[in-house]
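Asker: The structure is given below, and queries will be raised subsequently.
4 protein chains.
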Amino acid sequence: MARHLAAPPFELTVWNRTAAKATRFAEETGARAAATPAEAARQASVVITCVTASPEVESLLDGPDGLLAGMQRGSTLVDCTSGDPASSRRIAARLAERGVDFIDAPVSGGVSGAEKGALTIMCGGDARVLERVRPVLEAFGEKIVHCGPVGAGDALKAVNNAMLAVHIWALAEGLATLSKAGVSASVALDVINASSGRSNTSQNLFPARVLTRAFPRTFKLALLEKDATIAADVAREQRVPSGVMQLTAELFRLARVELGEEADHVEAAKLVERLAGQEIR
Amino acid sequence: MARHLAAPPFELTVWNRTAAKATRFAEETGARAAATPAEAARQASVVITCVTASPEVESLLDGPDGLLAGMQRGSTLVDCTSGDPASSRRIAARLAERGVDFIDAPVSGGVSGAEKGALTIMCGGDARVLERVRPVLEAFGEKIVHCGPVGAGDALKAVNNAMLAVHIWALAEGLATLSKAGVSASVALDVINASSGRSNTSQNLFPARVLTRAFPRTFKLALLEKDATIAADVAREQRVPSGVMQLTAELFRLARVELGEEADHVEAAKLVERLAGQEIR
Amino acid sequence: MARHLAAPPFELTVWNRTAAKATRFAEETGARAAATPAEAARQASVVITCVTASPEVESLLDGPDGLLAGMQRGSTLVDCTSGDPASSRRIAARLAERGVDFIDAPVSGGVSGAEKGALTIMCGGDARVLERVRPVLEAFGEKIVHCGPVGAGDALKAVNNAMLAVHIWALAEGLATLSKAGVSASVALDVINASSGRSNTSQNLFPARVLTRAFPRTFKLALLEKDATIAADVAREQRVPSGVMQLTAELFRLARVELGEEADHVEAAKLVERLAGQEIR
Amino acid sequence: MARHLAAPPFELTVWNRTAAKATRFAEETGARAAATPAEAARQASVVITCVTASPEVESLLDGPDGLLAGMQRGSTLVDCTSGDPASSRRIAARLAERGVDFIDAPVSGGVSGAEKGALTIMCGGDARVLERVRPVLEAFGEKIVHCGPVGAGDALKAVNNAMLAVHIWALAEGLATLSKAGVSASVALDVINASSGRSNTSQNLFPARVLTRAFPRTFKLALLEKDATIAADVAREQRVPSGVMQLTAELFRLARVELGEEADHVEAAKLVERLAGQEIR
């Protein structure tokens, strides 16, 4: 994502927790590497953060080296983290006290979308602020969507990922059942993908990752658990009865405990297999 | 489906619980109308049943007018009902005692697939028996898949429909949550359909049926509840932990009680809306 | 509860949102009625609040008439509301800035326990602060338990009530099932109450309230839903997989929507009956 | 249970899969040991079976050594197995063809109830048949309850045990949450046991087995999983929405996979602890 901003008309300053990464990136691209978040933010009209979760964004704000110490009145913080709406609203309120605008802007499209500059960006915040920063977002995003007030981008990203989580778990249950009943999973997927039960998960993820037993590690199960939990929390906060999303969040929490922090999200199927005593094949 | 079998090389005899329907169909197509299942089956090498559920197939078998009284040794019963595997195995065993073969053959593709003769047919039973009846199935099916032993077709159909049920309920929960949080459902669907959480449900059903408030009645919720319950029962019988499928079966049972026998399957979203106090829009 | 504090050695000042209630109480008991929370708090060493939920406690704090305007350094706020731990921690932090201590102190025992001064009081906060206010709590409490830090009382009350909610819902499912299968609910309760599945719910609530169809309104379902949701939120915050508590919170939310704000907690059984199409009897 | 029938007025013949057990029992008590079920049943007016599950009862019926080969017209089979209603109805129908009556009669009360002859016996079947065999049941039962038609005893036993399963799992979730939030489980149980959330599980099982870490093996988790699944199946068959019972059956299935066939039912709490990363204490 940063690479798309490293050429004119943009002037890019980067900071990373691992200084060597920032230095190497700066050498490769001609960007400037800053020693602290404050320094990176100092002269920027737009600051972009992209970390694991909202609490880590909040921890970047404070202290003499923090973003708040560097950001100028009239600038905008665009947070591409898959955050949670409550935290984003809290961050926006703190920034507003200093005349700084905030947009929550989680992305989808994966590594390849980022490389091609073709991400979908889900934006929450004031529409005029979004228009102001849109040229920057267009450098790495193809589909830039204004979703609503601050937190709306987070909420939509979380719900999309909750659907992904539901689809993975349900399909693993279904295919393990069929495998155990003597129906080959590849036949089953072939039929489902021509029928009403198909999804991105059945069309793309399971054929390439589960049937092949490849299970590449492209998106951490721990992060999908976080997103499914954010969606479940928003549903509860909004008082929407949401048994399927609540249960799925619990099941992914369970999978995270059992499979560990490094597991890929599709490895949830492995836990279903273990509990079923049946490989999906 | 019958219409595709009403021309040579096939010789079609039809029977329907409502005699007038069979008579009218016979007049239109040149098929012969029989007065009883036994009479319809008498000289057929292949008998096709397509009713609401397996218990109704079983009730067609017995008595002086039943299929068993008519079917000949060496003929085959192809049951296109979305049945349950346990019943199909029971039916197959009873037929086998009389030298009659059985294939469970539920279909997918909806009314338009049936009209075009382009259904997917999921077949359970002996592979040689399937080869023998394949020319008949090809009259109305485009994709004829041998899934496994008797009951395998039922199991696969049920799991496909269980996925559909899960997708509908989860998406309704997610979109009601987003609507209530200020994110428009049409924006949300637009983004989800470009992202990892997409499914046939998000791409086709919700835009055309929920956002428009059209809710056409094409496939009964009562039938989807039946199928989701069959899948949940097979999962339990196979001892596959399957919380998402079990819970979804319960939620559709609840929806069936609240929305009635005539509701369309996508109207499940209306119950989620009522419980959320929020229209999806 | 207040009545037990209206006699020496205590000097009681009361305030109520409905002024007439406070005046009447003052006339009956000799307590003083205050016009505002601030006035009630002015000279008190201990202030006791008991309202519906934590947000209402928070709304009593602020403004020129609020508790913060009245409470003195060195005094203690004891909150007998069935609150939530996160809010209680927030309230405690705000009070601490002014040198005021806080104890969350939800109670159990119902109306009769309050009348007899025999409540169980679940206290969260500093043990020394609790010792200081213990004589006040002993006026209306029989069992005064130090549960842990601020919020611990809330958490324990919420979990107790979540167990109650789980027991009510599960027993309604079980007895509706048995009634429908031809087993009388009174026979079933008689057996269960002599067996391993018994609970306070099966021994006391269902015989007296469901079998009799009396359904007295003693504790609102809306409040039990609130408590079950607090427990579910604490479980999620603590990252404890908790499918049963999460699902039960959803089901009570659903019941609250369908049965309304005035329904008694045991009327949840009526919703199960409606969905089952079967009275428990 | 057998020991109470080994003295006059009863004449007892015993059979056990492990012949040595039957022989030893016969030597100790003066009962007669039979070599086969058929032989044991030959001259009996009442035959009592007590095995792990209904399929094993069914497997005792057939073959030259089976019960059906031995039982006389006019005799009664009393099945003390915790069976499932569908199987019991099937068994009753087969026996009825030979003029043999059937009572399903699962018991509760544990090892100590059996030793004292103080079991609760839940009977399903014809009331007159029950009256006929009542003197035999009174030898080992204190509370003999006619629950309804064949299968009613099984259904009630399964629902009682499903309540037990729900209570164990929910309490483990609740106490793990409280432990992690800093509330001691022994304080929590003390308060819950004085409040509305108490149950046999909180009053007897957790203090003696979980807090002490004793976890004695008195009743297999595998059997409780079987019973919870029977209850869930009956609820589904009766079309009673039953999310809590369905989910609990799934969770115990999961626990059975993870903890093995020998685990005690209360060890389910250990799995909750593992998933929570927190011991209950």
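Chains as they are written, first to last, in my numbering: chain A, 1 to 281; chain B, 282 to 562; chain C, 563 to 843; chain D, 844 to 1124.
C-beta atoms are modelled at their ideal positions from N, C-alpha and C, and glycine is treated no differently.
#1: Residues of chain B with CB closer than 9 Å to the CB of residue 69 (chain A), please, in chain order.
#2: Which of helix, strand or coil does DSSP assign to residue 582 (chain C)?
#3: Measure the C-alpha to C-alpha separation of residue 658 (chain C) and residue 637 (chain C) and round it to an integer number of angstroms.
#4: Measuring straight from C-alpha to C-alpha, what distance separates residue 959 (chain D) and residue 980 (chain D)?
#5: Below 8 Å on the Cβ atoms is my guess for residue 445 (chain B) versus residue 243 (chain A); work out the distance and round it to an integer in Å.
#6: By the three-class DSSP mapping on this structure, what secondary structure does residue 650 (chain C) have?
#7: Which residues in the same chain as residue 483 (chain B) place their Cβ atom closer than 8 Å to its Cβ, once the five residues preceding and following it in sequence are excluded?
#8: Determine whether the beta carbon atoms of residue 603 (chain C) and residue 609 (chain C) lie at a separation below 8 Å.
#9: Skipping 5 residues on each side, what residues in its chain have a beta carbon closer than 7 Å to that of residue 278 (chain A)?
#10: Determine, using beta carbons only, whether residue 285 (chain B) comes closer than 8 Å to chain A.
#11: Check the Cβ of residue 277 (chain A) against every Cβ in chain D and list those closer than 9 Å, keeping chain order.
#12: Name the chain D residues that come within less than 9 Å of residue 712 (chain C), Cβ to Cβ?
#13: Along chain C, in chain order, which residues have C-beta atoms closer than 9 Å to that of residue 305 (chain A)?
#14: Using 10 angstroms around the beta-carbon of residue 204 (chain A), count the other beta-carbons present and answer buried if the total reaches 16, otherwise exposed.
#15: In chain order, what residues of the segment 402-431 of chain B put their CB closer than 7 Å to some CB of chain A?
#16: On the DSSP letters alone, give me the boundaries of the alpha helix (DSSP H) that residue 814 (chain C) sits inside.
#17: Does the contact criterion of 3 or more C-beta pairs under 8 Å hold for the segment 530-547 of chain B versus the segment 1082-1099 of chain D?
#18: Rounded to whole angstroms, what is the Cα-Cα separation between residue 651 (chain C) and residue 712 (chain C)?
#19: Applying a beta-carbon distance threshold of less than 8 Å, which residues of chain D neighbour residue 243 (chain A)?
#20: Under DSSP, the alpha helix (DSSP H) around residue 471 (chain B) begins and ends at which residues?
#21: Counting C-beta neighbours from all protein chains within 10 Å, is the total for residue 159 (chain A) 16 or more, i.e. buried, or is it exposed?
#22: State buried or exposed for residue 517 (chain B), treating a residue as buried only when at least 16 other CB atoms are found within 10 Å of its CB.
#23: With a 10 Å radius around its C-beta and 16 neighbouring C-beta atoms as the bar for buried, classify residue 267 (chain A) as buried or exposed.
#24: Just to check my reading of the structure: residue 33 (chain A) and residue 49 (chain A) have Cβ atoms closer than 8 Å, yes? What is that Cβ distance to the nearest angstrom?
#25: Measure the alpha-carbon distance for residue 565 (chain C) versus residue 667 (chain C) and round it to whole angstroms.
#26: Please classify residue 299 (chain B): is it buried, with 16 or more other beta-carbons within 10 angstroms of its beta-carbon, or exposed?
#27: Apart from the five residues just before and just after residue 332 (chain B), which ones in its own chain have a Cβ nearer than 8 Å to its Cβ?
#28: Quick one: does residue 198 (chain A) have its CB under 8 Å from some CB of chain B?
#29: Which residues in chain C have a C-beta closer than 7 Å to the C-beta of residue 293 (chain B)? List them in chain order.
#30: Going residue by residue through the segment 334-369 of chain B, where are the continuous beta strand (DSSP E) segments of at least 3 residues, counting only ones entirely within it?
#31: Please check if any C-beta of chain A sits within less than 8 Å of the C-beta of residue 785 (chain C).
#32: Indicate whether at least one CB of chain C lies closer than 8 Å to the CB of residue 456 (chain B).
#33: Using a C-beta cutoff of 8 Å, does residue 323 (chain B) count as contacting chain D?
#34: Taking 8 Å as the threshold (C-beta atoms), are residue 779 (chain C) and residue 716 (chain C) in contact?
#35: Considering only residues of the same chain and omitting the five flanking positions on each side of residue 433 (chain B), which have a CB-CB separation below 7 Å?
#36: Using CA atoms only, rank isn't needed, just tell me which of C:801, C:812, C:664 and C:789 is closest to residue 238 (chain A).
Answerer: Taking the geometry as given:
#1: Around residue 69 (chain A), no beta-carbon contact reaches into chain B at under 9 Å, the shortest distance being about 32 Å.
#2: Residue 582 (chain C): helix per DSSP, three-state reduction.
#3: Per the coordinates, the alpha-carbon of residue 658 (chain C) lies some 11 Å from the alpha-carbon of residue 637 (chain C).
#4: Approximately 13 Å, taken between the alpha carbons.
#5: Not a contact, Cβ separation roughly 17 Å.
#6: DSSP places residue 650 (chain C) in helix when its eight states are reduced to three.
#7: Correct list, in chain order: 448, 452, 470, 473 and 474.
#8: Contact: yes.
#9: The residues are 176, 179 and 180.
#10: Against chain A, the CB of residue 285 (chain B) has no partner CB under 8 Å away; the residue lies outside that interface.
#11: The contacting residues are 1100.
#12: For residue 712 (chain C), no chain D residue has a Cβ inside 9 Å of its Cβ, as the nearest lies near 10 Å away.
#13: Because chain A spans 1 through 281 in this model, residue 305 (chain A) falls outside it and cannot be assessed.
#14: Label assigned to residue 204 (chain A): exposed.
#15: Result list: 403, 424, 426, 428, 429 and 430.
#16: It spans 805-821 - the alpha helix (DSSP H) in which residue 814 (chain C) sits, taken as one unbroken run.
#17: Taking a cut-off of 8 Å on C-beta distances, the segment 530-547 of chain B touches the segment 1082-1099 of chain D, as three or more cross pairs fall below it.
#18: Whole-angstrom Cα-Cα distance: 6 Å.
#19: Result: 1086.
#20: 466-473 is the extent of the alpha helix (DSSP H) around residue 471 (chain B).
#21: So residue 159 (chain A) counts as buried.
#22: With 16 or more other Cβ atoms within 10 Å, it is buried.
#23: Counting Cβ neighbours within 10 Å, residue 267 (chain A) comes out buried, since at least 16 surround it.
#24: About 16 Å separates the two Cβ atoms, so there is no contact after all.
#25: Residue 565 (chain C) and residue 667 (chain C) have their C-alpha atoms spaced approximately 18 Å apart.
#26: An exposed status is given to residue 299 (chain B), since fewer than 16 other beta-carbon atoms sit within 10 Å of its beta-carbon.
#27: Take residue 332 (chain B), set aside five residues on each side of it, and the residues of its chain with a beta-carbon closer than 8 Å to its own are 338, 341 and 362, in chain order.
#28: Yes, residue 198 (chain A) counts as interfacial toward chain B.
#29: The premise fails here: residue 293 (chain B) is roughly 41 Å from chain C at the closest Cβ pair, so nothing lies under 7 Å.
#30: Qualifying beta strand (DSSP E) stretches, in chain order: 357-360.
#31: Using a CB distance cut-off of 8 Å, residue 785 (chain C) does not count as an interface residue toward chain A.
#32: False, the Cβ-Cβ gap to chain C never drops below 8 Å.
#33: No, because no Cβ of chain D sits closer than 8 Å to the Cβ of residue 323 (chain B).
#34: Contact: no.
#35: Excluding sequence neighbours, residue 433 (chain B) sits near 405.
#36: It is C:812 whose Cα lies nearest to the Cα of residue 238 (chain A).
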